[in-house]
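S.K.: Please read through the structure below; I'll follow up with questions.
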Amino acid sequence: VAMHIKKLKVRPRKSMCSSRCDPFDSSNVSVIAPFETPCGPALQGMLNCMAAKGDVHALDACEGVTQELFDCMRHASIGKQRPRYTINYHLMKLQKLLK
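In terms of this note's numbering, the sequence shown is residues 4 to 102.
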């Protein structure tokens, strides 16, 4: 469903390759670095421990990695990341244009 709004301007996407680009050539693909969370390794360690024990409620056996994740989540710095604009932010901007 397309919706036309007079005052809304959208920039066209830049083409990643020329018009004679081979779609199956791997050199035309840009690689996006995976998003790394500050507590990702600690979470992965806890999940691996629970999977190795075969029990999600194996808190005694995985106490060390669980405590490590808890400490990481408590002291994780949120202020270093740029704020990401949510859909609500964009809808609020769009609402001003529609009035």
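All residues carry an ideal CB built from backbone N, CA and C; glycine is no exception.
So, helix, strand or coil for Leu2, using DSSP?
M.R.: Lying outside 4 to 102, the shown extent of the chain, residue 2 is not represented and no answer is given.
S.K.: Could you tell me the alpha carbon to alpha carbon distance between Ile90 and Cys52, rounded to whole angstroms?
M.R.: Sequence index remark: in the sequence shown, residue 90 carries index 87 (1-based). Sequence index remark: in the sequence shown, residue 52 carries index 49 (1-based). Between Ile90 and Cys52, the C-alpha separation is close to 36 Å.
S.K.: Pop quiz: Ala45 and Glu71 are said to be a contact at Cβ under 8 Å. What is the actual Cβ separation, rounded to whole angstroms?
M.R.: By one-based count along the sequence shown, residue 45 stands at place 42. By one-based count along the sequence shown, residue 71 stands at place 68. So it is a contact: roughly 5 Å between Cβ atoms.
S.K.: Grouping DSSP H, G and I as helix and E and B as strand, with all else coil, what is Leu50?
M.R.: The count along the sequence shown starts at 1 and reaches residue 50 at position 47. Leu50: helix per DSSP, three-state reduction.
S.K.: Helix, strand or coil for Pro41, going by three-state DSSP, please let me know.
M.R.: Locating residue 41 in the sequence shown gives position 38, where the first residue counts as 1. Coil at Pro41, not helix or strand.
S.K.: Locate the alpha helix (DSSP H) running through Ser69, then write down its first and last residues.
M.R.: Walking along the sequence shown from the start, residue 69 turns up at place 66. Position check: residue 69 holds Thr in this sequence, whereas Ser was assumed. Thr69 -> alpha helix (DSSP H) spans 66–78.
S.K.: Among Tyr92, Val59, Pro41, Gln98, whose alpha-carbon lies nearest the alpha-carbon of Asp74?
M.R.: The residue you call residue 74 lines up with position 71 of the sequence shown. The shortest Cα separation from Asp74 among Tyr92, Val59, Pro41, Gln98 belongs to Pro41.
S.K.: Exposed or buried, which one is Gly95 when buried takes at least 16 other CB atoms within 10 Å?
M.R.: Along the sequence shown, one-based indexing puts residue 95 at 92. The identity of residue 95 in the sequence shown is Met, whereas the question assumes Gly. When all chains shown are included, Met95 counts as exposed.
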